[in-house]
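Numbering (the working numbering), first residue to last: 3 to 388.
By construction, the Cβ of each residue, glycine as well, lies at the ideal position given by its N, Cα and C atoms.
Down below is the structure, laid out as structure tokens.
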């Protein structure tokens with residue numbers, strides 16, 4: 003018999019369930035053991051975040067910059083505006099609904115025992131801070147785009163492979179253990195049930211937002227193409243459900259291409275826009291990150307306002323191009339911004355990872371389905387009649 007293969011989402015859900023169940027019965031020394039692991043792992047994450055930004059953002063910007071022409075500029079502009087709009091809509095919806103749904107300081111309301119501490123800690127200072135890494139990545143990416151083929155360009159892409167390998171081999175496999183330790187500790191000190199209640203509420207709201215985003219995108223595409231937007235959206239559903247299974251925009255490209263062509267997009271336009279948008283068009287991922295971040299900030303009693311989130315959303319829209327084609331790539335690429343711009347600590351980052359990955363497939367499905375709408379818009383804007 004083939005060995006049962008459990009995906010990342012399944013492992014995360016199992017880790018949360020086990021953390022909640024065992025947190026009620028295990029002794030304090032066990033909790034301290036996992037807190038020690040979590041402390042070391044979070045230090046490694048802090049060290050890796052600037053490297054992830056440089057390793058993923060730099061080649062992404064360099065590769066986009068090599069493609070010249072009006073179609074590139076229009077596609078990038080539309081994709082970025084769509085991503086930013088999704089983030090702003092997510093914030094406005096959350097700011098209107100979340101305060102009445104989430105009790106402030108929910109993480110600190112109930113404490114049944116003294117919170118345990120790790121046995122020891124290891125400090126791993128990062129090579130640079132997050133903003134330095136972002137500026138370096140943009141500078142190198144734009145410079146390499148202007149230089150074209152070079153030894154440094156090859157080195158940057160080799161470094162990208164190292165970072166992606168690190169995420170796949172060292173980060174993603176250990177995430178379930180990290181999240182298990184977080185929920186084990188929260189259950190042990192009596193905080194977990196308020197957190198899980200928030201999770202359930204947020205997931206429902208985010209799903210409704212992402213459905214609304216897709217309807218709006220295809221209404222715009224329908225206006226450009228003079229076609230029924232709901233028929234256009236219906237045609238793209240195979241790509242939506244494929245993305246639910248693959249959790250990867252890149253892996254869904256063949257299906258997205260086929261369905262975009264069935265919506266009347268020419269091979270030239272679809273062959274250009276769909277692969278490009280799979281990298282730069284991230285409305286589903288962005289709205290999830292914004293909504294989850296806002297919910298956790300309200301839950302912890304942290305201050306928030308539109309000005310703070312507007313800057314965060316604009317930077318997030320750029321950083322999303324660094325999301326690799328692996329489950330959880332978007333949240334890994336955004337951890338630096340959550341830390342530097344919103345003040346998220348290690349526990350808040352772990353909760354973000356858990357909440358994001360719980361809905362990872364839905365965000366990816368929103369991304370790739372929206373790519374079909376952009377392909378239709380570009381088809382008409384570029385004057386193609388096919």
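Taking the Cβ atoms as the reference, residue 223 lies roughly 35 Å from residue 104, outside the contact range of under 8 Å. Here the C-alpha atom of residue 94 lies approximately 36 Å from the C-alpha atom of residue 172. Look at residue 151 here: in three-state DSSP terms it is coil, with no helix or strand label. One alpha carbon belongs to residue 362, the other to residue 53, and they sit about 23 Å apart. Assigned with DSSP and collapsed to three states, residue 382 falls in helix. Distance from the Cα of residue 152 is smallest, within the candidate group 221, 61 and 170, for 61. The Cβ atoms of residue 48 and residue 241 lie no closer than 8 Å to each other.
When Cβ pairs closer than 8 Å are counted between the two stretches, the segment 88 to 102 is seen to touch the segment 293 to 313, the count reaching three or more.
Contiguous beta strand (DSSP E) elements confined to the segment 182 to 236 do not occur, taking only those with 3 or more residues. Annotation for residue 273: the continuous alpha helix (DSSP H) segment containing it runs 269 to 282.
Per DSSP, reduced to three states, the secondary structure at residue 302 is coil, with no helix or strand assignment. Only residues of its own chain outside the window of five on either side were considered, and among them 355 and 358 have a CB closer than 6 Å to the CB of residue 333, listed in chain order. Taking 8 Å as the cut-off, the beta carbon of residue 344 is found no closer than this to the beta carbon of residue 92. In the structure shown, residue 129 adopts coil according to DSSP, grouped into three states. For the pair residue 23 and residue 261, the Cα-to-Cα distance works out to about 44 Å. According to the DSSP assignment, residue 85 belongs to the alpha helix (DSSP H) that extends over 72 to 103.
Judged by beta-carbon spacing, residue 293 lies within the 8 Å limit of residue 207, meaning their Cβ atoms are closer than that value. Counting along the chain, residue 358 sits inside the alpha helix (DSSP H) bounded by residues 348 to 360. Assigned with DSSP and collapsed to three states, residue 122 falls in coil, not helix or strand. Secondary structure of residue 33 (DSSP, three-state): helix. DSSP places residue 238 outside both helix and strand once states are collapsed to three, so it counts as coil.
The residue from 120, 211, 65 and 201 with its alpha-carbon nearest to that of residue 139 is 65.
Under the three-state reduction of DSSP, residue 60 is assigned to helix. Apart from sequence neighbours up to five positions away, the residues of its chain that approach residue 349 with a beta-carbon distance below 7 Å are 184, ordered along the chain. At a Cβ-Cβ threshold of 8 Å, residue 335 and residue 321 count as neighbours.
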